[in-house]
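In terms of the UniProt record's numbering, the sequence shown is residues 1 to 352. Written out below as C-alpha cells is the structure these notes cover.
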Amino acid sequence: QLIFETFSKQQIKEAFKRIHRKHTILFCQNNFYLLTTKMEISTTNQVATEEGKKRILNALEYSKICNFIQHYHGLAIDCEMEMVNRVFTDIDRQTLKSILQTELSTRLRAQHWQNEKKAKKYLKAFKDQVSTHPTPTLLLKIACLEGMSPMALCRTVLQEKYKFSHKADLTRLLKYPHLIDDPKLAANVIQCMCSDSQDGPLVDLRRRILGEEYEFKLKEMATAANMHYYDENDLRRLGYDKTPDIKMIVPFLYKGEVVNWIESKANFGDVKTHKWYIQQQLYSYSNRFGAGIVIYWFGYHEDTPRLPDNNVGIIVLDDFPSSDHMVFLNICDDANPTTDIGTESSLQNCTS
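Next up, the structure:
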C-alpha cells in the first residue's frame, strides 16, 4: 500500500528521524511523501506467486469477482481487503487489485455526469454537517452513502465551491490540499485522499511507479537471459514514436514463434482491456516490428490469448518467457545458427 505523510518545513527534521529504511522519499514543492520502495512491491508479488495463487482466470472465476465488486457497498479499499483476505483467497492479490481498478474506473466514468448534477446537494450536505460535527471524515461518509469514489466527491465539492474555470486549478488543490482556504474542508480532502485506493494523485503516482517497476523487472530479466535489445529511449532516439518496452536487436523463437519485441503491462489482461491495448499499441508494434509478446504480470482472462485479434502476431503471457521455450540465434557460431540461450556452449563460443 502507498504510505502517505505530509510535513511542514518545521517538521522536516523531526520527520527524517522517523523515516525507516524501507521507505523512499519523494520531494514535491513544500511537501514530501513517503512511498513503499520498489522492493516491497516485488516482494508482495513474489510471495503471492510462491503460494501458488491463481493469475489466469476462467470465465466463471472472473465473473464472480466482477459481480462481487459491482454489488459491494462501501469504500474500494474495504472491498479490496474483503476480496483478498476473505472471499477470493486462492487468487493472487495483485490480480484482484487490478480487476478492482478496472471495474471501478469504468464505474467512475459512468458516474461523472451524475456527480455534476448533484454537486449542490453534496456541498450543502457537507456544510450542514460540518457546522455541527466538524470531523475530517464527513466527505468520506457521504461518499460511502452515495456509492462514490471519495476523490470523485472531493472534485465535485471543490468545483462547486470555488467554480474553477480551469481544470488545472482544481487539480492543484487535490494534489496540495493544504492550499484549501477552508481548514475543515482541507482536512476532509486529505482524509479522502488517504482512504481512496483507486483514485486521486497518490493513486496515479503509485500506478506510475508500479508500471516503471515492472518495466525495470522486464529489462533485468531480459539482461539476465543474455538478450540484446533496445529500450524505449533507444527507439525514440532512432525516431520511432510508438515503442514497445524492449525491441530485440536479434529476434528469438518462443515455442517456434518469432519474437521481435516484449511489452510489459502491470495489470490484469481482461478481454476488453487487451483489445484496447491492441488498438492503441500492440497492432502498431506488430505492424512495424513483427510478432511479439505482451506480459500481463498480474494474469489474464483465459480467453485473452485465444482472441482472433492476436493473429496479427501477439503472444500473451503472465510472466517472462521460460528459457526452456526460447531459442536464440547464435551470432558467434556460423555452424550452429540456433541454440538455447544461456547454454555453456553458446557462452563459450561468444567469449572470443
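Built from N, CA and C at the ideal position, the CB exists for glycine as well. Note that the structure is predicted; figures quoted are calculated from it, not measured.
| query | Apart from the five residues just before and just after Ala76, which ones in its own chain have a Cβ nearer than 6 Å to its Cβ? | reply | Leu104, Ser197 and Gln198
| query | Between the beta-carbon of Gly290 and the beta-carbon of Val316, is there less than 8 Å? | reply | no
| Coarse secondary structure for Trp261, derived from DSSP in three states | strand
| Closest by CA to Phe268, which one among Gly74, Gln279, Asp182 and Thr304? | Thr304
| Candidates Cys144, Thr89 and Gln114: closest to Ser195 by CA position | Cys144
| field | 3 or more residues per run - each beta strand (DSSP E) lying fully within the segment 110 to 187 | value | none
| At which residues does the alpha helix (DSSP H) containing Ala62 begin and terminate? | Reading off the sequence, residue 62 comes out as Tyr, not Ala. Unbroken alpha helix (DSSP H) run through Tyr62: Ala59 to His71.
| Counterpart residues of Val294 in DSSP-defined beta bridges | Glu263 and Val316
| field | Coarse secondary structure for Asp245, derived from DSSP in three states | value | coil
| Counted within 10 angstroms of its Cβ, other Cβ atoms place Leu57 as buried (16 or more) or exposed | buried
| query | Roughly how many angstroms separate the alpha carbons of Phe320 and Arg107, rounded to a whole number? | reply | 32 Å
| task | Spell out a yes or no on whether the segment 199 to 208 and the segment 156 to 169 are touching, meaning 3 or more CB-CB pairs, one atom from each, closer than 8 Å. | result | Result no; under three Cβ-Cβ pairs closer than 8 Å.
| Span separating the alpha-carbon of Glu220 from that of Glu212 | 12 Å
| Under three-state DSSP, which class holds Phe216? | Secondary structure of Phe216 (DSSP, three-state): helix.
| query | Short check: CB of Met193 to CB of Met151, under 8 Å? | reply | yes
| With burial defined as no fewer than 16 other Cβ atoms inside 10 Å of the residue's Cβ, what is the status of Trp276: buried or exposed? | Exposed, because fewer than 16 other Cβ atoms sit within 10 Å of the Cβ of Trp276.
| query | Relative to the alpha-carbon of Pro136, which residue among Pro177, Asn115, Thr171 and Glu116 has its alpha-carbon at the smallest distance? | reply | Pro177
| task | Please work out which residues of its chain come closer than 8 Å, Cβ to Cβ, to Val271, disregarding the five sequence neighbours upstream and downstream, and give them in chain order. | result | His301, Asp303, Thr304 and Leu307
| said: Quick check on DSSP: helix, strand or coil for Gly211? | reply: helix
| Chain-order list of residues whose beta-carbon lies under 7 Å from that of Arg236 (same chain, five-residue window excluded) | Excluding positions up to five away in sequence, the list reads Thr243.
| Helix or strand or just coil, what does DSSP make of Asp309? | helix
| message | Could you compute how far the alpha carbon of Gly74 sits from the alpha carbon of Asn188? | response | 17 Å
| Residue from Phe216, Asp245, Phe68 and Gln111 whose Cα sits closest to the Cα of Tyr230 | Asp245
| task | Would you kindly check if the distance between the Cβ of Ser284 and the Cβ of Ile314 is under 8 Å? | result | no
| Under three-state DSSP, which class holds Phe27? | For Phe27, the predicted model reports a pLDDT of 38, less than 50, meaning its position is unreliable; a value from the coordinates is still stated below. Note: Phe27 maps to strand in three-state DSSP.
| query | I think residue 362 touches Lys97, with their Cβ atoms under 8 Å apart; what is that distance to the nearest whole Å? | reply | Because the chain is modelled from 1 through 352, residue 362 falls outside the range shown and cannot be assessed.
| query | For Trp261, does the count of other Cβ atoms within 10 angstroms reach 16, so buried, or fall short, so exposed? | reply | buried
| request: Give the C-beta separation of Val312 and Leu253 to the nearest angstrom, bearing in mind that I take them to be a contact with Cβ-Cβ under 8 Å. | output: Not really, about 18 Å apart at Cβ, beyond 8 Å.
| Short check: CB of Thr156 to CB of Asn115, under 8 Å? | yes
| For Phe298 versus Gln94, is the C-beta spacing smaller than 8 Å? | It is a contact, given that the beta carbons lie within the stated cut-off.
| query | Can you name the start and end residues of the alpha helix (DSSP H) that Asp92 belongs to? | reply | Element bounds for Asp92: n/a, residue is neither H nor E.
| What do you get for Asp181, buried or exposed, if any count of 16 or more other CB atoms within 10 angstroms of its CB means buried? | Asp181 should be labelled exposed.
| Can you give the Cα-Cα distance for Asn67 and Asp90, rounded to whole angstroms? | 17 Å
| said: Comparing C-alpha positions only, which one of Arg55, Ser264 and Lys247 sits nearest to Leu210? | reply: Cα-wise, what sits closest to Leu210 is Ser264.
| query | Considering only the beta carbon of each residue, do Lys184 and Pro134 sit closer than 8 Å? | reply | yes
| message | Assuming Tyr277 is part of the alpha helix (DSSP H), what are its boundary residues? | response | Val271 to Tyr277
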